[in-house]
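Novice: With UniProt numbering, the residue at position 108 of the sequence shown is 108, and numbering never jumps.
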Amino acid sequence: MFIAMGLMLLGIAVGLLLRGRPLAAKLTRCVTPAIMLLLFALGISVGGNSTLMAALPRLGGAAIALTVGAVAGSLACVLCIRRFFRQPPEPDALTPTPDAGGQAGAPSASGREGSQA
Numbered sequence: 001m002f003i004a005m006g007l008m009l010l011g012i013a014v015g016l017l018l019r020g021r022p023l024a025a026k027l028t029r030c031v032t033p034a035i036m037l038l039l040f041a042l043g044i045s046v047g048g049n050s051t052l053m054a055a056l057p058r059l060g061g062a063a064i065a066l067t068v069g070a071v072a073g074s075l076a077c078v079l080c081i082r083r084f085f086r087q088p089p090e091p092d093a094l095t096p097t098p099d100a101g102g103q104a105g106a107p108s109a110s111g112r113e114g115s116q117a
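1) Does the distance from the CB of Leu52 to the CB of Val46 come in under 8 angstroms?
2) Using only the heavy atoms of the ligand NAD, determine whether one of them is closer than 7 angstroms to the beta carbon of Ala76.
3) What three-state label does DSSP hand Phe2 in the structure shown?
4) Beta-carbon within less than 8 angstroms of Leu79's beta-carbon, same chain only, minus the 5 sequence neighbours each way: which residues are those?
5) Run through DSSP, which three-state label would Gly47 get?
6) Please report the straight-line C-alpha distance between Ala13 and Gly43, rounded to a whole angstrom.
7) Could you check the C-alpha separation between Gly48 and Gln87 for me, to the nearest Å?
8) Is there a C-beta anywhere in chain B that falls below 8 angstroms from the one on Met1?
9) Mapping DSSP to helix, strand and coil, what is Gly11?
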């Protein structure tokens, strides 16, 4: 774990040093193929482990249940938060306000804008 974190921090430091250089752009294009290669190697490792393959149906069911529960919980939270933080609709700029006699920003009887006589 510490090795992985150290390598990530080292990569961040090298990225800061290489920022704006052409080599950084070339390395950026290599990230996706490198991740795909790592996933392929992980798949080979999982496929070769007979104990893990025997337990896969049970583990897969738990993973699906956790995923469905997480998505359902997220949607429920979004609906609750939207209900409490809903913003009122913006008034239409062309719709006259009732207190200005049909003209937004029109002077009142006293001659000053927005004042009540």
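Ideal Cβ positions, reconstructed from N, Cα and C, are used throughout, including at glycine.
All figures in this text were calculated on a predicted structure; none of them were measured in a lab.
Specialist: Let's see:
1) Going by C-beta atoms, Leu52 is nearer than 8 angstroms to Val46.
2) Absence of the ligand NAD from the depicted structure is noted, as is the absence of any ligand whatsoever, leaving it without description.
3) Helix, per DSSP.
4) Excluding sequence neighbours, Leu79 sits near nothing in its chain.
5) The answer is helix: DSSP assigns Gly47 an H, G or I state.
6) Straight across, the Cα-Cα distance linking Ala13 with Gly43 is about 30 angstroms.
7) Taking the straight line joining both Cα atoms gives about 54 angstroms.
8) Considering every chain present, this structure includes no chain B. It has just one protein chain.
9) Annotated three-state conformation of Gly11 is helix, per DSSP.
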